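Here is the structure we will look at.
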Amino acid sequence: MSPVVSALQPLKHYVWGAGCDGWNLVDRPELSVKQERMPPHTAETEHYHRHARQFFFILQGMAVFETSEGRVEVGPQQGFEIAPGLTHRIKNESEADLVFVLCSQPSTINDRIEI
């Protein structure tokens, strides 16, 4: 039986970027589900995935996605899909934390190409 998971009881906690937090909720080669938190004025580096399709669902705050197709703002209770091969990054340009759920299929392990 799979365990019940949350940000308080994740499979694993990790820190990335400039003080950003992540919690693995599902961590399988075919599917990854994470909850992540980005403090104000943080951003990830521009990158793409050869195989993984990603879906970001915003729980709290305002996300800014910069992609090779343009800029998109996504708010609470909204989602945004990133197709494989699409150059992208997520930013928090606000004064409040950004919290979101990130689903990747398959997992992005060994599938992140930095720009």
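With the sequence shown counted from 1, adding 30 to any position gets you my numbering. We put the beta carbon where it would ideally sit given N, CA and C, even for glycine. Keep in mind that this is a model prediction, so the values were computed, not measured.
> Are the C-beta of Ile88 and some C-beta of chain B separated by less than 8 Å?
Replying inline: The question asks about chain B, but that chain is absent: this structure has only one protein chain.
> Per DSSP, what kind of secondary structure is Gly52 in: helix, strand or coil?
Replying inline: Strand.
> For Val94, which three-state DSSP category applies?
Replying inline: When DSSP states are grouped into helix, strand and coil, Val94 belongs to the strand group.
> Rounded to the nearest angstrom, how far is the Cβ of Val35 from that of Leu55, given a contact under 8 Å?
Replying inline: Your pair Val35 and Leu55 checks out as a contact, with CB atoms roughly 5 Å apart and the cut at 8 Å.
>> Please classify Asn122 as buried or exposed, where buried requires at least 16 neighbouring CB atoms within 10 angstroms.
In response: Burial is judged here by how many other beta carbons sit within 10 angstroms of a residue's own beta carbon; Asn122 has at least 16 and is buried.
> Taking DSSP as the reference, what is the three-state secondary structure of Thr75?
Replying inline: Coil, per DSSP.
> If you draw a straight line from the alpha carbon of Gly115 to that of Pro33, how long is it in whole angstroms?
Replying inline: Rounded to whole angstroms, Gly115 to Pro33 spans 33 Å at the Cα level.
>> On the DSSP bridge list, what partners appear for Leu132?
In response: Here Leu132 is bridged, per DSSP, to Lys64, Phe86.
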